[in-house]
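K.L.:
I'd like to ask some things about the structure below.
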Amino acid sequence: MDRRNFLKGTAAAGLVGASAGLAGPALSQGAAARTLRFVPQANLANFDPIWGTQYVVRNGAAMVWDTLYGFDAELKPQRQMAEAEQVSADGLTWDFRLRPGLKFHDGSPVLAKDVVASLTRWSARDPMGQMLKAIQQELVAVDDRNVRWVLKKPYPKMLMALGKNSTPMAFIMPERLAKTDPFTQVAEFIGSGPMRFKRDEWNPGARAVFEKFADYVPRDEPSSWLAGGKRMGVDRIEWLVMPDAATASAALQNGEVDWWENPITDLVPQLRRNRNLRVDIADPLGNIGTFRMNHTTTPFNDVKARRAVLMAMSQEDYMRALVGDDDKLWKPLPGYFTPGTPLYSEAGGEILKGPRNLDAAKRMLAESGYNGTPVTCIVAQDQPITKAQGDVTADLLKRLGMNVDFVATDWGTTGQRRAMKNPFGQGGWSMFHSWHAGADCINPAVYNAVRANGAGAWFGWPDIPAVETEVGAWFDAPDAAAEKAAIDRLNKAALDNVVYAPTGFFLGYQAWRANVSGIVKGPLPFFWGVSKS
Amino acid sequence: MFAYIVRRVLATIPVMAIVALFVFSLLYIAPGDPAAVIAGDQATPADVERIRASLGLDRPFLIRFGEWVWNILNGDMGVSIFTNLPVTTMIKQRIEPTLSLMILTLCLAITIAVPMGVIAAWKQGTWIDRAVMGFAVLGFSVPVFVVGYVLAYIFALELDWLPVQGYTAFSQGFFPWLENLILPSIALGGVYIALIARITRATMLEVLQQDYIRTARAKGAGQTNILFLHALKNAAVPIVTVIGIGIALLIGGAVVTESVFAIPGLGRLTVDAILRRDYPVIQGVVLLFSFIYVLVNLLIDLLYTLFDPRIRY
């Protein structure tokens, strides 16, 4: 073949190749009406809800795996897979009976041995589970439907632990999967929830597909968050990952997706103007912004330096940086627990209320002996929430007269660096920003960040015995009044000693097409009860 | 020729080895910890440490590098830390959208840019020339994502002609495939069109001054024949070179374009992997891109012989 013929042949082959594609099948439109297309908050990069504790994993897992108990909208644990429970008079022996007819997606029945293996794996990773494990006498399957958990001391928060929605949730898996090391991913994604995970259609970073499980037996009660009958209104749910908010917004407006979990605030006015869309608050429990200080190194190893930050801090500045002018989306938070929940407290919160007093804060900082040592602020720029808070903090600390060493980085690096206890100049740090879902801040059992048990505490390692005493008092509280009293004392001790600086309480929106109904506000997107007309 | 191809293919081996060493070392010293990402925000330092150990990330550099190289030599690119899927499977899932986007952009760019450059050279100094060069400056100056948003707003939201996002596999039909790729290709093609149009114009201007062009005119050859048969063929070598070099632009641009149009391609896979520190995936994708680039350069060198018979290997 000569040069000219080769060129002609290549062109001809290209045309033939292109025309061959014309013969492909047309896309089926029939399935669209029973398919819900959802844009999740993040990429579903893995799907073992015990191994990976990101919220997006939990949100998908809640469709695929079921739990013995589930929180309702009143934050009360209700029976889900459990038909009944009984606790001995001394509070040491718990007996659970499974509902009849429960099946896993591979067709096998859900048995007590599956529950035992699942709770064993969960209790290795979950803070409440670890507490249970520490006082466990035995956890055994009595027969196919009955499980017995014997403890060395009473644990009144048992049902809360089994039904809570903070990660990792106590999901029930087949025994063969649950026997996997809790620090290794499971090999299959088989649950007994109302939807099956279509692993063959999973394209991590792009798409995850869930299909209705025909053999699921919902409870008779109406659904309420993770409790009640989980009746699916669609046959198929497609999660379409869209890293770009503008793209997700356009796709929703164009009808290419049905529901967007977390539209950014800037785009909400545009979405509201579209008559085919509905916009509402996503999670009434919201989020708490955090200014986390390193208690083990200067300057924040001195409580006066920490209190100086609280005295100078304007939560409104932080919240406006996060949510803009929308006053419905934020409120000041002179405490640590989620507003609107039973244990919310403002005890000791005076330091965060009223006009800010920068001069007094400067004096307090001087009393701490601060001598101009650099304050290393680790600020993740790829997370809008941490970036916005970090910018406000840099300004605040400079106005306080601190020598700010601003480290602009990404979340992956923050995750690594905040674990380092090195001194300044060797990877050490003074503060970083994060945020906690309000659902994780409703009581001390699910709230690592409020604990102050030194080396065992969350990053920053606060060591404040007064806080830990009240955590213990809450666990042992005999009734709601005693629980509340313990939390008031805890809140005050935590603010007096500044476990961390709360930057405020903020909410987020969700948006969906007008032909979708049944969407509720909650700490995670609940897909049961949602349908398309 | 065959001996030349074999030599060039063999020469890719040390190149790939250097790339492999560079990528692995860079990731080793880069900050960030996949274990911290996996464990989640509420995890304790002890949990993070356990996960790091279970992933083998606490082992010495040389052991990890040696193991990785050995596996690569055996055709195993490893398993994603996060998805637990083989890297080859993830690449297979993502390669079609990226190749489709790049090929369509390439076709679009060549089809538009080469005639633009030829006409601009032919009409040098006129408003047509200035318009073409003005467009080229715009193509270079406006970022891909801005073009993407504007196109999506006009053609998807306002006119409702094309989808905003996503990808339809070629196996599901040519037109559905094309429908999803038109806007991304135009967005990604802007800078590429500008580059090719400018080099085509510059090369054509030089060729059009040659004696053989004057001879062709003297023999009565038509303008179209002179431009496209005589001049363009002789200007093809630098144009093809720039098209080849521009593949790197396409790879970089695909990362942004795939994010803007939510196309599940290798570009987005790379970004996701970098943000999560999914080392095996980053290493696999970078090696693949390097290999593609080396291969494209080889192809370009071979194409020279088709356009210029004086070139022999």
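Protein chains in written order, with full-length UniProt numbering: chain V, 1 to 533; chain U, 1 to 313. Every residue gets a Cβ at the ideal spot worked out from N, C-alpha and C, and that includes glycine.
#1: Hey, Met-458(V) and Asn-443(V): beta-carbon distance below 8 Å or not?
#2: Just mark Gln-137(V) as buried or exposed, buried being the case when its beta carbon has 16 or more other beta carbons within 10 Å.
#3: Counting only C-beta atoms, is Ser-192(V) closer than 8 Å to chain U at any point?
#4: State the DSSP-derived secondary structure class of Cys-107(U), mapped to helix, strand or coil.
#5: Out of Val-147(V), Glu-468(V), Gly-508(V), Ala-485(V), which has the shortest C-alpha to C-alpha gap to Asn-287(V)?
#6: Name the one or two DSSP bridge partners that Phe-71(V) has.
#7: Quick one: give me the first and last residue of the beta strand (DSSP E) that Ile-239(U) is part of.
#8: For the beta strand (DSSP E) containing Lys-212(V), name the first residue and the last one.
#9: Just verifying my parser: in three-state terms, what is the DSSP assignment at Glu-83(V)?
#10: Ile-263(U): buried (16+ other C-beta within 10 angstroms of its C-beta) or exposed?
#11: If we cut at 8 Å on Cβ distances, does Asp-244(V) have a partner in chain U?
#12: Ala-26(V) CB to nearest chain U CB: under 8 Å?
#13: Is the Cβ of Asp-410(V) closer than 8 Å to any Cβ of chain U?
#14: How about the stretch 521 to 533 of chain V and the stretch 209 to 226 of chain V: do they share at least three Cβ pairs that are nearer than 8 Å?
#15: Measure the beta-carbon distance from Ala-20(U) to Leu-302(U) and round it to whole angstroms, keeping in mind my assumption that it falls under 8 Å.
#16: By how many angstroms is the C-alpha of Lys-521(V) removed from the C-alpha of Pro-60(U)?
#17: How far does the alpha helix (DSSP H) with Ile-281(V) in it reach, from first residue to last?
#18: Is DSSP giving Arg-99(V) helix, strand or coil here?
#19: Considering only the beta carbon of each residue, do Gly-390(V) and Cys-377(V) sit closer than 8 Å?
#20: Is Gly-460(V) closer than 8 Å to Met-293(V) when the C-beta atoms are compared?
#21: With 16 other CB atoms within 10 Å as the buried threshold, where does Lys-179(V) fall?
#22: Using CA atoms only, rank isn't needed, just tell me which of Tyr-167(U), Ile-274(U), Val-137(U), Thr-257(U) is closest to Val-147(U).
#23: Tell me whether the stretch 63 to 77 of chain V and the stretch 195 to 210 of chain V touch, counting them as touching only if at least three CB pairs, one residue from each stretch, are closer than 8 Å.
#24: Along chain U, which residues have their Cβ under 8 Å away from the Cβ of Asn-46(V)?
#25: May I ask you to list, following chain order, the residues of the stretch 377 to 408 of chain V that have a beta carbon less than 7 Å from some beta carbon of chain U?
#26: Any idea what DSSP makes of Pro-25(V), helix, strand or coil?
#27: Closest by CA to Met-160(V), which one among Arg-79(V), Ile-190(V), Trp-149(V)?
#28: Can you give me the start and stop residues for the alpha helix (DSSP H) that Leu-178(U) sits inside?
#29: Residues in the same chain with beta-carbon distance under 6 Å from Asn-422(V), minus the five sequence neighbours each way, listed in chain order, please.
#30: Assign Phe-170(U) to one of three DSSP states: helix, strand, or coil.
#31: Going residue by residue through the stretch 395 to 440 of chain V, where are the continuous beta strand (DSSP E) segments of at least 3 residues, counting only ones entirely within it?
#32: Taking the alpha carbon of Ala-305(V) as the reference point, which residue from Arg-97(V), Asp-496(V), Gln-253(V) has its own alpha carbon closest?
#33: Closest by CA to Asp-272(U), which one among Asp-235(V), Gln-41(V), Gly-205(V), Met-128(V)?
#34: Closer than 8 Å, CB to CB, is residue 535(V) near chain U or not?
#35: Residues in the stretch 149 to 165 of chain U with C-beta within 8 Å of chain V's C-beta atoms, listed in sequence order?
#36: Between Thr-341(V) and chain U, is the shortest Cβ-Cβ distance under 8 Å, so that the two count as touching?
P.N.:
Reading it off the structure:
#1: Counted from its first residue, the first sequence places residue 458(V) at position 458. Counted from its first residue, the first sequence places residue 443(V) at position 443. Contrary to the premise, residue 458(V) reads as Trp rather than Met in this sequence. Result no, Cβ atoms of Trp-458(V) and Asn-443(V) do not sit closer than 8 Å.
#2: Translated into the one-based positions of the first sequence, residue 137(V) becomes position 137. So Gln-137(V) ends up on the exposed side.
#3: Walking along the first sequence from the start, residue 192(V) turns up at place 192. Chain U, which has no Cβ nearer than 8 Å to the Cβ of Ser-192(V), makes this no.
#4: What you label residue 107(U) is simply residue 107 of the second sequence in a count that begins at 1. If DSSP states are grouped into helix, strand and coil, Cys-107(U) belongs with the helices.
#5: On the first sequence, residue 287(V) is found 287 positions in, with the first residue counted as 1. The option with the nearest alpha carbon to Asn-287(V) is Gly-508(V).
#6: Your numbering for residue 71(V) matches position 71 in the first sequence. Partner(s): Pro-77(V).
#7: Here residue 239(U) refers to the residue found at position 239 when the second sequence is read from its first residue. Not the beta strand (DSSP E): Ile-239(U) falls in the alpha helix (DSSP H), residues 232 to 260.
#8: Taking the first residue of the first sequence as 1, we reach residue 212(V) at position 212. Note, Lys-212(V): beta strand (DSSP E), 207 to 212.
#9: As a first step, residue 83(V) is located in the first sequence; it is residue number 83 there, counting from the start. Note: Glu-83(V) maps to strand in three-state DSSP.
#10: Working through the second sequence from its first residue, we reach residue 263(U) at position 263. Ile-263(U) comes out buried.
#11: Within the first sequence, numbered from 1, the residue matching residue 244(V) stands at position 244. Interface residue, yes.
#12: For the purposes of this step, residue 26(V) is taken as the residue at position 26 of the first sequence. Below a pLDDT of 50, predicted positions are generally treated as unreliable, and Ala-26(V), at 42, falls in that range; the measurement from the model is reported next regardless. Judged by the 8 Å Cβ criterion, Ala-26(V) is in contact with chain U.
#13: Within the first sequence, numbered from 1, the residue matching residue 410(V) stands at position 410. Yes, contact with chain U.
#14: yes
#15: Sequence index remark: in the second sequence, residue 20(U) carries index 20 (1-based). Sequence index remark: in the second sequence, residue 302(U) carries index 302 (1-based). With 8 Å as the limit, Ala-20(U) and Leu-302(U) do not qualify as a contact, their Cβ atoms being about 25 Å apart.
#16: Taking the second sequence and counting its residues from 1, the one referred to as residue 60(U) is at position 60. Taking the first sequence and counting its residues from 1, the one referred to as residue 521(V) is at position 521. Whole-angstrom Cα-Cα distance: 48 Å.
#17: If you number the first sequence from 1, residue 281(V) lands on position 281. Unbroken run through Ile-281(V) is the beta strand (DSSP E), 277 to 281; no alpha helix (DSSP H).
#18: The count along the first sequence starts at 1 and reaches residue 99(V) at position 99. Here Arg-99(V) sits in coil by DSSP.
#19: For the purposes of this step, residue 390(V) is identified with residue 390 of the first sequence, where counting begins at 1. For the purposes of this step, residue 377(V) is identified with residue 377 of the first sequence, where counting begins at 1. For Gly-390(V) and Cys-377(V), yes; Cβs fall inside 8 Å.
#20: Looking up residue 293(V) in the first sequence gives position 293. Looking up residue 460(V) in the first sequence gives position 460. Yes; because the gap between Cβ atoms is below 8 Å, this pair is in contact.
#21: For the purposes of this step, residue 179(V) is identified with residue 179 of the first sequence, where counting begins at 1. Burial call: exposed.
#22: Position 147 of the second sequence, counting from 1, holds the residue named residue 147(U). The shortest Cα separation from Val-147(U) among Tyr-167(U), Ile-274(U), Val-137(U), Thr-257(U) belongs to Thr-257(U).
#23: yes
#24: Here residue 46(V) refers to the residue found at position 46 when the first sequence is read from its first residue. Within chain U, the residues near Asn-46(V) are Ile-38, Phe-82, Thr-83, Asn-84.
#25: Asp-382
#26: Here residue 25(V) corresponds to residue number 25 of the first sequence, with the count starting at 1. Because Pro-25(V) sits at a pLDDT of 41, beneath the cut-off of 50, its placement in the model cannot be relied upon, and the point is left open.
#27: As a first step, residue 160(V) is located in the first sequence; it is residue number 160 there, counting from the start. Of the candidates Arg-79(V), Ile-190(V), Trp-149(V), the one whose C-alpha sits nearest the C-alpha of Met-160(V) is Arg-79(V).
#28: Numbered from its first residue, the second sequence carries residue 178(U) at position 178. Unbroken alpha helix (DSSP H) run through Leu-178(U): 174 to 207.
#29: Numbered from 1 along the first sequence, position 422 holds the residue referred to as residue 422(V). So the list reads Gly-428, once near-sequence residues are dropped.
#30: Here the question's residue 170(U) lines up with position 170 in the second sequence. Three-state DSSP puts Phe-170(U) in a helix.
#31: 403 to 409, 431 to 437
#32: For this step, residue 305(V) is matched to residue 305 along the first sequence. Nearest C-alpha to Ala-305(V): Asp-496(V).
#33: One-based indexing of the second sequence puts residue 272(U) at position 272. Answer by Cα proximity: Gly-205(V).
#34: Because chain V is modelled from 1 through 533, residue 535(V) falls outside the range shown and cannot be assessed.
#35: Tyr-149, Ala-152, Tyr-153, Ala-156, Leu-157, Asp-160, Pro-163, Val-164, Gln-165
#36: Residue mapping note: residue 341(V) aligns to position 341 of the first sequence, counting from 1. Chain U, which has no Cβ nearer than 8 Å to the Cβ of Thr-341(V), makes this no.
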